[in-house]
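Numbering (our numbering), first residue to last: 3 to 415.
Structure, rendered in structure tokens:
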């Protein structure tokens, strides 16, 4: 898709200017795979969670975990333009290159949506290196036309469903190089997998890409995504990886496919505790990385297992900066710990930039300890100067700025 192709290189170029030689990461998933976004915190950027990342590892194009809409409560993935950037979320896969597979995603398009939302499957994905044959499928949900269509064959279209969850399902047969695309259980398209955007693609599912398009687009939501083999064999997924704090209830999500229903479920949380529900909750009492194993047995006694991890941390401090106040000769600022854990050895500074600062341009110190829920006021050394200035207060990872005017011995905010 030439429009999208050129857009990608523009994003890459801009990102490299800002990121320089910063480290990147790549997490892929082997199938069966599923994600319902319910183990993430609502409002958090999805980049870096659960194997998801921005296109070419650019964090600025992240989508966000949202509880505004959800098919499986409480969360979904929100794709839109955020802070001037089109969300462009990628999840990579490995070892999906033979047999028949079903890719499923549920999409919620508000009737007030403007712009476009793209659902893309790629047969090859490599950060920074992209060619036209890499795109096997590009479905465009267009608010202006009220349809969802195949970008590479725009005659293949259906009426766009709004204000309700609609199922996107792609059946991929790697053995015959064929794909059938369904929208809300109605066939939208059937075509070769390796001839998607341009001939020469690979018999492989490399990644899904959810993109908010080149023009300003408002929110579209995705939920309950999965890729599973189209097989009668029993397989299961433990979801994850999971994370949380000590004593925090974590929601575990189990899925199973094939075999003969009903299924029985057995979770081993790696800390001596077990559960027999499909989607249990569990809280750990100690920090660490735990191997979590799901075992599913079908009605005929067939057994499938899958293992994931749960990373548990102790209560963590969250350092922030409250009010910054001026006055006679000094600047005061409130350092707060809004987290659940105590903080220690918090380095802080109060710095004035701009104007003529004769005394007190920078003051530094250390807060020996700050309990959870506590706060402490820090104070600058004596300040003497004249003119407009910017006060920058730092405390641990937190930074806050405040415009001010120094009138000889008085700091006005």
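Beta carbons are placed, not taken as given, at the ideal position from N, Cα and C, and that holds for glycine. Here the structure is a predicted model, which is why all the values come from computation and not from measurement.
Item to check | Nearest candidate by alpha-carbon position, reference residue 299, set 210, 235, 400 | outcome: It is 235 whose Cα lies nearest to the Cα of residue 299.
Checklist entry - In the DSSP assignment, what residue or residues form a beta bridge with residue 87? => result Per the DSSP secondary-structure output, residue 87 pairs in a beta bridge with 84.
Checklist entry - In terms of residues, what are the limits of the beta strand (DSSP E) holding residue 293? => result Unbroken beta strand (DSSP E) run through residue 293: 290-299.
Checklist entry - Taking the C-alpha atoms as reference points, what is the distance between residue 411 and residue 319? => result Spanning the two alpha carbons is a distance of roughly 36 Å.
Checklist entry - Between which two residues does the beta strand (DSSP E) harbouring residue 402 extend? => result It spans 400-410 - the beta strand (DSSP E) in which residue 402 sits, taken as one unbroken run.
Next on the checklist: Can you give me the C-alpha to C-alpha distance between residue 187 and residue 214, rounded to a whole angstrom?
Outcome noted: Computed Cα separation, rounded: 24 Å.
Item to check | For residue 278, the nearest candidate out of 266, 176, 286 (CA to CA) | outcome: Measuring from the Cα of residue 278, the nearest candidate turns out to be 266.
Item to check | Spatially closest choice to residue 39 from 333, 242, 259, 178, by CA coordinates | outcome: Selected option, being the one with the closest Cα: 242.
Next on the checklist: What would DSSP say about residue 134, mapped onto helix, strand or coil?
Outcome noted: Residue 134 carries a helical assignment under DSSP once its states are collapsed to helix, strand and coil.
Next on the checklist: Is it the case that the stretch 80-91 contacts the stretch 212-232, given that we only count it when at least three CB pairs across the two stretches are under 8 Å?
Outcome noted: Remark: three or more beta-carbon pairs, one from each stretch, lie closer than 8 Å, so the stretch 212-232 and the stretch 80-91 are flagged as touching.
Item to check | CA-to-CA distance, residue 296 to residue 285, given in whole angstroms | outcome: One C-alpha to the other measures close to 16 Å.
Checklist entry - Over what stretch of residues does the beta strand (DSSP E) that includes residue 169 continue unbroken? => result In the DSSP annotation of this structure, the continuous segment of the beta strand (DSSP E) that includes residue 169 starts and ends at 167-175.
Next on the checklist: Going by DSSP in three states, residue 57 sits in which element: helix, strand or coil?
Outcome noted: In the structure shown, residue 57 sits in a helix (DSSP, three-state: H, G or I).
Item to check | Between the CA atoms of residue 46 and residue 395 - distance to the nearest angstrom | outcome: In a straight line, the C-alpha of residue 395 is about 25 Å away from that of residue 46.
Checklist entry - Opposite residue 93 in the DSSP bridges: which residues? => result By DSSP's assignment, residue 93 forms a beta bridge with 54, 210.
Item to check | Contact belief for residue 387 with residue 357 at Cβ below 8 Å, rounded distance in angstroms | outcome: Going by Cβ atoms, the distance from residue 387 to residue 357 rounds to 6 Å, so yes, they are a contact pair.
Checklist entry - Using the rule of at least 16 other Cβ atoms within 10 Å of the residue's Cβ for burial, across every protein chain shown, is residue 23 buried or exposed? => result Per-residue confidence for residue 23 stands at a pLDDT of 31, beneath the threshold of 50, marking its modelled position as unreliable; the derived number appears in the next sentence. By the neighbour-count rule (16 or more Cβ atoms within 10 Å), residue 23 is not buried but exposed.
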